[in-house]
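*Asks:* Okay, handing you the structure first.
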Amino acid sequence: MSHSVVVGIDGSAQSAAAVEWAALEARRNGLALRMVHVAGGEVDALDPDLGGGSALPGPVAEIRDRITAELPDLAVSCEIIPGNPAHALAATARRATMLVLGSRGLGGFADLLVGSVGLRATARAACPVVLVRADSDGGTGTDGPAAAPGPVVVGVEGDRPCDAVLAFAFQHAAGTGAALRVMESRDTFRGPYATAAPVDQREIRESLAAAEQVRLQDALTRWQDKFPKVRTEAEVCAWSASRMLVEASRTASLVVLGRRAPKHPMAGPRLGAVAQSVLHHVHSPVAVVPHD
């Protein structure tokens, strides 16, 4: 794995927010920042400042120049490559620590929040992908937010939460000083229940919810031992997973969720229904972590 954060840049406000978020992440972790602008067709019009790459569009160059001026101690490179944007970005970030992309904010067409390039790149990338909205409250300025960051929210499932997803969430929370909300959607205590015992439905649901909470807390013990400074809260929710994470994103600095690799070698890359729903409606930056 290379010691870099790759970020897609096209000169838009969304990509500017992504670059700022990526620059903070790279500086915080002692990594290089690699900006990539994908241009369809052939690459020509060489720019010597780019080491033989094409001349950057004006808005892209402006974003690059601003970042290098504001963070002179950060190792920054910027390049232009040809090809299909989703494929090229995923391929460029194959050995990177993460890929960061911009996404559109909520507007008249919520189902177009991320866009086809972001969705396809997220589904194809071998590394974690972070999507950043220009109007998100996740602290995208290069000087960082003035107040303490909102919590990192991570969605988990199953009796043994995925190590790759939890590792990413705990590491980001530790690096930013944020609290961590580990959330799981469970419908086992929605009821109704048939019982001869002298207890009502509410008591049964509360008892089952408490048991699920203890189970999740136990599953996090080894991670809390590894990251003792991260304030961790485990929550089991009766809402659907997508609704749970979207609502939690209103106050989050980052939402983290997993993406399973295809089980069949001939299956194409895809995002699950929960991931797509969250990506389209989330209110904060969101990280999608691939795992087996």
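Counting from 46, one number per residue, gives the positions in the sequence shown under the working numbering. We treat Cβ as the ideally placed atom computed from N, Cα and C, and that holds for glycine.
So, at 6 Å on beta carbons, what are the nonlocal neighbours of E278 in its own chain, with the 5 sequence-adjacent residues on each side left out?
*Replies:* Counting from one through the sequence shown, the residue named residue 278 turns up at place 233. Listed in chain order, the non-local C-beta contacts of E278 below 6 Å within the same chain comprise R226, local neighbours out to five positions each way being set aside.
*Asks:* Considering only their Cβ atoms, is the gap separating L299 from A332 smaller than 8 Å?
*Replies:* In the sequence shown, counting from the first residue as 1, residue 332 sits at position 287. In the sequence shown, counting from the first residue as 1, residue 299 sits at position 254. Closer than 8 Å, so yes.
*Asks:* Looking only at its own chain, which residues have a Cβ that is under 8 Å from the Cβ of L302, when we skip the five neighbours before and after it?
*Replies:* For this step, residue 302 is matched to residue 257 along the sequence shown. Once the five neighbours on either side are set aside, the close Cβ partners of L302 are V199, G200, V210, L290, V319, A320, V323, V331, A332, V333, V334.
*Asks:* Quick check on the DSSP output: the beta strand (DSSP E) that includes P127 runs from which residue to which?
*Replies:* In the sequence shown, residue 127 corresponds to position 82, counting from 1. Unbroken beta strand (DSSP E) run through P127: 121-127.
*Asks:* So V175 and A62 are in contact, right, with Cβ under 8 Å, and what is the actual spacing, rounded?
*Replies:* As a position in the sequence shown, residue 175 is number 130, starting the count at 1. As a position in the sequence shown, residue 62 is number 17, starting the count at 1. Contact doesn't hold; Cβ gap of about 11 Å is too wide.
*Asks:* Just confirm the distance between the C-beta atoms of V81 and T137, as a whole number of angstroms; I'd bet it's less than 8 Å.
*Replies:* Stepping through the sequence shown from its first residue, residue 81 is reached at position 36. Stepping through the sequence shown from its first residue, residue 137 is reached at position 92. With 8 Å as the limit, V81 and T137 qualify as a contact, their Cβ atoms being about 5 Å apart.
*Asks:* May I have the straight-line CA-CA distance separating R109 from E124, to the nearest angstrom?
*Replies:* Against the sequence shown, residue 109 aligns to sequence position 64. Against the sequence shown, residue 124 aligns to sequence position 79. Answer to the nearest angstrom: the Cα atoms are 10 Å apart.
*Asks:* Within the same chain, show all residues whose beta-carbon is closer than 6 Å to that of V52, passing over the 5 residues directly before and after it, in chain order.
*Replies:* To locate residue 52, count along the sequence shown from 1; it is residue 7. The answer, listed in chain order, is A63, V64, A67, M80, V145.
*Asks:* Using C-beta distances below 8 Å, list every residue in its chain close to I126, excluding the 5 sequence neighbours before and after it, in chain order.
*Replies:* As a first step, residue 126 must be located in the sequence shown, where it is residue number 81. Same-chain partners within the cutoff: V81, H82, V83, A84, V88, G98, A133, T137.
*Asks:* Assuming contact is defined by CB atoms lying nearer than 8 Å, are P314 and R169 in contact in what I supplied?
*Replies:* Here the question's residue 314 lines up with position 269 in the sequence shown. Here the question's residue 169 lines up with position 124 in the sequence shown. Contact flag set, yes.
*Asks:* Considering only the beta carbon of each residue, do A224 and R305 sit closer than 8 Å?
*Replies:* Mapped onto the sequence shown, residue 224 falls at position 179. Mapped onto the sequence shown, residue 305 falls at position 260. Cβ distance not < 8 Å, so A224 and R305 don't count as in contact.
*Asks:* Please state if the CB of A297 and the CB of V197 are separated by a distance shorter than 8 Å.
*Replies:* Along the sequence shown, one-based indexing puts residue 197 at 152. Along the sequence shown, one-based indexing puts residue 297 at 252. Against a cut-off of 8 Å, the Cβ pair of A297 and V197 comes out as a contact.
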